[in-house]
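Counting in full-length UniProt numbering, the sequence shown runs from 1 upward without gaps. Ideal Cβ placement from N, Cα and C applies to all residues, glycine included. First the structure, in the form of C-alpha coordinates, and then the observations on it.
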Amino acid sequence: MSTSTDDTQNDTERNMSPQLQLKLVLLGESAVGKTSFLHRFVNEDFTEKREPTVGAGFLTKTYRVDDRLMKLNCWDTAGQERFHSLAPMYYRGAQAAIVMYDVTKQATFAKAKNWIRELQRQAPPHIVIALVGNKIDLCESISSSPEQQQHQEEEEGQQESTLNDQQLQFADHNTLHLYVSQAVSNPQAH
1 MSTSTDDTQN DTERNMSPQL QLKLVLLGES AVGKTSFLHR FVNEDFTEKR
51 EPTVGAGFLT KTYRVDDRLM KLNCWDTAGQ ERFHSLAPMY YRGAQAAIVM
101 YDVTKQATFA KAKNWIRELQ RQAPPHIVIA LVGNKIDLCE SISSSPEQQQ
151 HQEEEEGQQE STLNDQQLQF ADHNTLHLYV SQAVSNPQAH
(Lines of atoms letter the chains of each structure in order from A and count residues from 1; the text may use other names and numbers.)
(Lines give C-alpha, C1' and ligand atoms only; values in the text may rest on other atoms or scores of the structure.)
Protein backbone atom coordinates (compact mmCIF):
# COMPACT_ATOMS: atom_id res chain seq x y z
CA MET A 1 0.00 0.00 0.00
CA SER A 2 1.21 3.46 -0.70
CA THR A 3 0.40 6.58 1.22
CA SER A 4 0.73 10.15 0.11
CA THR A 5 0.57 13.40 2.02
CA ASP A 6 2.46 15.92 -0.12
CA ASP A 7 1.34 19.57 -0.07
CA THR A 8 -0.12 19.68 -3.59
CA GLN A 9 -2.33 16.71 -2.92
CA ASN A 10 -3.30 18.07 0.49
CA ASP A 11 -4.66 21.29 -1.07
CA THR A 12 -6.78 19.32 -3.52
CA GLU A 13 -7.87 16.78 -0.93
CA ARG A 14 -9.07 19.44 1.50
CA ASN A 15 -11.79 20.26 -1.02
CA MET A 16 -12.87 16.62 -1.44
CA SER A 17 -14.90 14.46 0.92
CA PRO A 18 -13.03 11.49 2.35
CA GLN A 19 -14.10 8.14 0.93
CA LEU A 20 -13.24 6.43 4.18
CA GLN A 21 -13.11 7.46 7.83
CA LEU A 22 -11.07 5.57 10.37
CA LYS A 23 -11.12 5.96 14.15
CA LEU A 24 -7.75 5.52 15.82
CA VAL A 25 -7.19 5.58 19.59
CA LEU A 26 -3.83 5.97 21.33
CA LEU A 27 -3.49 4.28 24.72
CA GLY A 28 -0.67 3.97 27.21
CA GLU A 29 0.62 5.25 30.50
CA SER A 30 1.23 8.91 31.24
CA ALA A 31 4.36 10.48 29.68
CA VAL A 32 5.12 7.69 27.18
CA GLY A 33 4.86 10.22 24.34
CA LYS A 34 1.40 9.60 22.85
CA THR A 35 0.61 13.29 22.34
CA SER A 36 4.02 14.12 20.86
CA PHE A 37 3.81 11.11 18.55
CA LEU A 38 0.35 12.12 17.34
CA HIS A 39 1.26 15.79 16.83
CA ARG A 40 4.32 14.75 14.86
CA PHE A 41 2.13 12.62 12.60
CA VAL A 42 -0.77 15.06 12.16
CA ASN A 43 0.96 18.45 12.31
CA GLU A 44 4.50 17.39 11.41
CA ASP A 45 5.89 19.20 14.45
CA PHE A 46 7.66 18.08 17.58
CA THR A 47 7.73 19.80 20.95
CA GLU A 48 9.91 18.23 23.60
CA LYS A 49 7.80 19.44 26.54
CA ARG A 50 4.03 19.00 26.47
CA GLU A 51 1.41 19.36 29.15
CA PRO A 52 -0.22 16.06 30.18
CA THR A 53 -3.44 15.26 28.34
CA VAL A 54 -6.54 15.73 30.48
CA GLY A 55 -9.35 13.35 29.50
CA ALA A 56 -8.55 13.06 25.81
CA GLY A 57 -7.36 15.05 22.82
CA PHE A 58 -8.72 14.85 19.29
CA LEU A 59 -6.90 15.48 16.00
CA THR A 60 -7.75 14.62 12.40
CA LYS A 61 -5.65 14.05 9.32
CA THR A 62 -6.88 13.53 5.79
CA TYR A 63 -4.63 11.80 3.29
CA ARG A 64 -4.55 9.30 0.47
CA VAL A 65 -4.03 5.56 0.94
CA ASP A 66 -3.60 3.94 -2.46
CA ASP A 67 -6.46 5.39 -4.50
CA ARG A 68 -8.74 6.30 -1.58
CA LEU A 69 -8.99 9.55 0.32
CA MET A 70 -9.11 8.81 4.03
CA LYS A 71 -9.88 10.86 7.12
CA LEU A 72 -8.19 9.59 10.25
CA ASN A 73 -9.94 10.62 13.49
CA CYS A 74 -7.34 10.28 16.24
CA TRP A 75 -8.21 10.10 19.93
CA ASP A 76 -5.27 10.76 22.25
CA THR A 77 -6.22 9.41 25.68
CA ALA A 78 -4.83 10.57 29.02
CA GLY A 79 -2.51 8.06 30.64
CA GLN A 80 -2.99 9.07 34.26
CA GLU A 81 -4.63 6.42 36.43
CA ARG A 82 -7.56 8.68 37.31
CA PHE A 83 -8.61 8.75 33.62
CA HIS A 84 -8.38 5.00 32.91
CA SER A 85 -12.10 4.47 33.47
CA LEU A 86 -12.82 6.86 30.56
CA ALA A 87 -10.77 4.91 28.01
CA PRO A 88 -13.56 2.52 26.87
CA MET A 89 -15.59 5.53 25.77
CA TYR A 90 -12.79 6.50 23.36
CA TYR A 91 -12.05 3.10 21.84
CA ARG A 92 -15.71 2.21 21.33
CA GLY A 93 -16.17 1.97 17.57
CA ALA A 94 -12.44 2.27 16.84
CA GLN A 95 -10.99 0.39 13.89
CA ALA A 96 -7.40 0.79 15.09
CA ALA A 97 -5.50 1.27 18.33
CA ILE A 98 -1.92 2.10 19.12
CA VAL A 99 -0.76 1.03 22.55
CA MET A 100 2.40 2.93 23.36
CA TYR A 101 5.12 2.40 25.94
CA ASP A 102 8.37 4.20 26.77
CA VAL A 103 11.36 1.97 25.90
CA THR A 104 13.36 3.65 28.69
CA LYS A 105 10.83 2.61 31.37
CA GLN A 106 10.18 -1.14 31.56
CA ALA A 107 7.12 -0.65 33.79
CA THR A 108 5.30 1.09 30.93
CA PHE A 109 5.73 -2.03 28.79
CA ALA A 110 4.05 -4.16 31.45
CA LYS A 111 1.20 -1.64 31.64
CA ALA A 112 0.95 -1.65 27.82
CA LYS A 113 0.20 -5.37 27.96
CA ASN A 114 -2.68 -4.58 30.35
CA TRP A 115 -4.05 -2.03 27.86
CA ILE A 116 -3.90 -4.64 25.11
CA ARG A 117 -5.75 -7.20 27.23
CA GLU A 118 -8.42 -4.59 27.96
CA LEU A 119 -8.77 -3.81 24.25
CA GLN A 120 -9.08 -7.50 23.47
CA ARG A 121 -11.90 -7.79 26.03
CA GLN A 122 -13.82 -4.58 25.36
CA ALA A 123 -12.96 -3.09 21.96
CA PRO A 124 -14.66 -4.03 18.67
CA PRO A 125 -13.67 -7.60 17.72
CA HIS A 126 -11.80 -6.72 14.51
CA ILE A 127 -9.81 -3.77 15.84
CA VAL A 128 -6.22 -3.67 14.55
CA ILE A 129 -3.84 -3.23 17.50
CA ALA A 130 -0.21 -2.10 17.30
CA LEU A 131 2.25 -2.07 20.18
CA VAL A 132 4.69 0.82 19.71
CA GLY A 133 7.88 1.41 21.69
CA ASN A 134 8.52 5.16 21.84
CA LYS A 135 11.49 7.33 22.90
CA ILE A 136 13.99 4.97 21.32
CA ASP A 137 16.18 8.01 20.67
CA LEU A 138 16.63 8.61 24.43
CA CYS A 139 18.57 5.49 25.30
CA GLU A 140 21.83 3.98 24.17
CA SER A 141 20.93 0.45 25.14
CA ILE A 142 17.41 -0.76 25.58
CA SER A 143 16.96 -3.33 28.32
CA SER A 144 14.59 -5.35 26.17
CA SER A 145 14.47 -5.22 22.37
CA PRO A 146 11.15 -5.36 20.48
CA GLU A 147 12.13 -8.87 19.36
CA GLN A 148 12.68 -10.01 22.96
CA GLN A 149 9.43 -8.40 24.05
CA GLN A 150 7.47 -10.00 21.21
CA HIS A 151 9.00 -13.39 22.08
CA GLN A 152 7.89 -12.91 25.69
CA GLU A 153 4.38 -12.00 24.51
CA GLU A 154 4.19 -15.07 22.27
CA GLU A 155 5.28 -17.29 25.16
CA GLU A 156 2.39 -15.87 27.16
CA GLY A 157 0.05 -16.81 24.32
CA GLN A 158 -0.90 -13.26 23.42
CA GLN A 159 -0.98 -11.97 19.89
CA GLU A 160 -0.54 -8.30 20.71
CA SER A 161 0.30 -6.75 17.38
CA THR A 162 -0.36 -7.39 13.74
CA LEU A 163 2.84 -5.56 12.80
CA ASN A 164 6.21 -7.25 12.52
CA ASP A 165 9.31 -6.50 14.61
CA GLN A 166 10.86 -4.09 12.11
CA GLN A 167 7.70 -1.98 12.02
CA LEU A 168 7.62 -1.78 15.83
CA GLN A 169 11.19 -0.55 16.18
CA PHE A 170 10.71 3.03 15.08
CA ALA A 171 7.74 5.05 16.28
CA ASP A 172 7.66 7.67 13.56
CA HIS A 173 5.10 8.99 11.13
CA ASN A 174 6.11 6.50 8.43
CA THR A 175 5.26 3.66 10.80
CA LEU A 176 1.89 5.21 11.49
CA HIS A 177 1.20 5.56 7.75
CA LEU A 178 2.02 1.87 7.31
CA TYR A 179 -0.13 0.91 10.26
CA VAL A 180 -3.10 2.96 9.04
CA SER A 181 -2.74 1.37 5.61
CA GLN A 182 -2.97 -2.03 7.27
CA ALA A 183 -6.09 -1.02 9.22
CA VAL A 184 -7.72 0.34 6.06
CA SER A 185 -7.04 -2.91 4.21
CA ASN A 186 -8.73 -4.95 6.97
CA PRO A 187 -12.30 -5.29 5.61
CA GLN A 188 -13.60 -6.62 8.94
CA ALA A 189 -12.62 -3.39 10.72
CA HIS A 190 -15.06 -1.20 8.75
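(request) Check the DSSP bridge columns for residue 25 and list the partner residues they point to. (result) When beta bridges are read from the DSSP output, residue 25 appears opposite 75 and 97.
(request) Mind reading off the beta-carbon distance from residue 76 to residue 59? Whole number of angstroms is fine, and I expect it under 8 Å. (result) About 7 Å; that satisfies the 8 Å criterion.
(message) Less than 8 Å between the C-beta atoms of residue 119 and residue 91, yes or no?
(response) Yes, the pair counts as a contact, with Cβ atoms nearer than the cut-off.
(request) Would you check if the distance between the CB atom of residue 34 and the CB atom of residue 24 is smaller than 8 Å? (result) Not a contact, by the Cβ cut-off of 8 Å.
(message) Relative to the C-alpha of residue 67, which candidate in 86, 43 and 20 has its C-alpha closest?
(response) Considering only 86, 43 and 20, the residue with the shortest C-alpha distance to residue 67 is 20.
(request) Classify residue 102 as helix, strand or coil using the three-state DSSP reduction. (result) DSSP places residue 102 in strand when its eight states are reduced to three.
(message) Could you tell me the alpha carbon to alpha carbon distance between residue 62 and residue 31, rounded to whole angstroms?
(response) Going by the C-alpha atoms only, they are around 27 Å apart.
(message) So the candidates are 109, 53, 74 and 28; which of them puts its Cα closest to the Cα of residue 41?
(response) It is 74 whose Cα lies nearest to the Cα of residue 41.
(message) Output needed for residue 87: all residues of its chain with C-beta closer than 6 Å, excluding positions within five of it in sequence on either side, in chain order.
(response) For residue 87, where only same-chain residues beyond five positions count, the Cβ hits under 6 Å are 77.
(request) Tell me where the alpha helix (DSSP H) around residue 87 begins and ends. (result) Going by DSSP, residue 87 is part of the alpha helix (DSSP H) stretching over 87-91.
(message) I need the straight-line Cα distance from residue 121 to residue 105, nearest angstrom please.
(response) Taking the straight line joining both Cα atoms gives about 26 Å.
(request) Determine, using beta carbons only, whether residue 108 and residue 29 come nearer to each other than 8 Å. (result) Against a cut-off of 8 Å, the Cβ pair of residue 29 and residue 108 comes out as a contact.
(request) Determine the direct distance from the alpha carbon of residue 43 to that of residue 115, and round the result to whole angstroms. (result) C-alpha separation (whole angstroms): 26 Å.
(message) DSSP three-state label for residue 132, please.
(response) DSSP places residue 132 in strand when its eight states are reduced to three.
(message) Per the DSSP calculation, residue 58 is bridged to which residue(s)?
(response) For residue 58, which the question treats as bridged, DSSP gives the partners 75.
(request) Compute the Euclidean distance between the alpha carbons of residue 38 and residue 57, then round it to the nearest angstrom. (result) The straight-line gap from Cα to Cα measures roughly 10 Å.
(request) With DSSP collapsed to three states, give me the class of residue 42. (result) The three-state reading of DSSP puts residue 42 in helix, counting H, G and I together.
(message) Given this structure, state the Cα-to-Cα distance separating residue 48 from residue 123, to the nearest angstrom.
(response) Taken atom to atom, the span from the alpha-carbon of residue 48 to that of residue 123 is near 31 Å.
(request) For residue 93, count neighbouring C-beta atoms within 10 Å of its own C-beta (all shown protein chains included) and say buried if the count is 16 or more, exposed if not. (result) Label assigned to residue 93: exposed.
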